[in-house]
Amino acid sequence: MFDVPVALVNHTADFDHADLREIAVHVYPLLADVVFRETESVERCADMCDGRFAPDSAFLFEPAMPETWAELAARPTYMDVWPDTAAFDPGAPYLCLGGSSLYVFLDSPEQVVSAYVTLIERVQAVYSGQIVLTASDLRDQPVMRALAARLQLPLMGLHTPVQQVVDVLGNADAYIGGRWHPSIFALRGGAPIIPLSSRTFKMEALARLAGLPAVPHDALDLSAAAEGVAARLSSYLESGSGLRSRLREWGRRMAEDSLDNVRWLMEGGSST
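Sequential numbering from 2 applies to the sequence shown in this note's numbering.
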């Protein structure tokens, strides 16, 4: 009606629901450019559009190098964003633990807090470093606050500035969680991810892109997942600097390629 070309970029398309797929079948052919943030969506939507892959623009956030960041970040209250406290030593080993979009289905945070305790205890059996909690969404925050209070763990809350979160995640030994953007921030610094399940296939897709084991652990049954998470963490730690260097270089290439999201505009834009 308006004769205005429209591009849909930097997205995941999960059309497992028949009604959503029916809408997409009619909408995607109308778009001038379709850019997915992982290759799984490209493959799943090949029958309805000529979509292509470009890395998420979140890869453009680069974490600070530890030798220039850790001493500054270790100052008292530097990581705190009221009402959450994130007192930990960034110069000593640590990993980050996050939530999942599946927590929208929880009636109470306590449904998963005890399972997180079990998971943390198993992780601590193979890892002697610090554990830093991260909340990436309103659905995660009650869970992580309850867990932080129970175990007296540092928490990077929902209102922590993005670049600060990038620095923390990118310099971690690993990220365990079911959140897309924290996973990217971790990978950008070379930290391997151990995906937890989410509402879509995006965590599997991201891990596969990074060349890591792609099967996620069940975010709603962390007690059962604890052994597998610990085993995968041990494997990553044994891989040492070689794995970290590979992931950091891969993340750098993803940052460069993320400009492909706006290639259509950079080339002048056209409805054809």
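C-beta atoms are modelled at their ideal positions from N, C-alpha and C, and glycine is treated no differently.
The C-beta distance from Phe186 to Leu170 rounds to 4 Å, short enough to fall under 8 Å. Relative to Ser101, the option among Thr78, Pro91 and Val114 whose CA is nearest is Val114. Distances from the CA of Arg76 to each of Pro56, Asp261 and Pro91 were compared; the closest alpha carbon is that of Pro91. It is roughly 8 Å from the alpha-carbon of Ala87 to the alpha-carbon of Val133. In the DSSP secondary-structure assignment, Leu9 is bridged to Val35. Annotation for Leu98: the continuous beta strand (DSSP E) segment containing it runs Tyr95 to Ser101. When DSSP states are grouped into helix, strand and coil, Phe54 belongs to the strand group. Of the residues Met267, Ala232 and Asn262, the one whose Cα lies closest to the Cα of Asn11 is Asn262. The beta carbon of Ala149 sits closer than 6 Å to those of Leu134 and Leu156, all from its chain and outside the five residues before and after it, given in chain order. Under DSSP, Gln131 takes part in a beta bridge, and its partners are Tyr95. Ser235 is positioned such that its CB atom lies closer than 8 Å to that of Val127.
Assignment of Tyr117 by DSSP, reduced to helix, strand and coil, places it in the helix class. Note on Ala208: 16 or more other CB atoms within 10 angstroms of its CB, so buried under the neighbour-count rule. The beta carbon of Gly191 is closer than 6 Å to those of Arg245, Leu248 and Arg249 in its chain, skipping five residues each way along the sequence. A Cβ-Cβ contact shorter than 8 Å links Thr201 with Asp15.
The residues Ala14, Phe16, Ala25, Tyr29, Val35, Phe37 and Gly52, in chain order, have a CB closer than 8 Å to that of Cys46 in the same chain once the five nearest residues on each side in sequence are set aside.
If you ignore the 5 residues before and after Leu159, its C-beta comes within less than 6 Å of the C-beta of Ala136 and Gln142, all in its own chain and listed in chain order.
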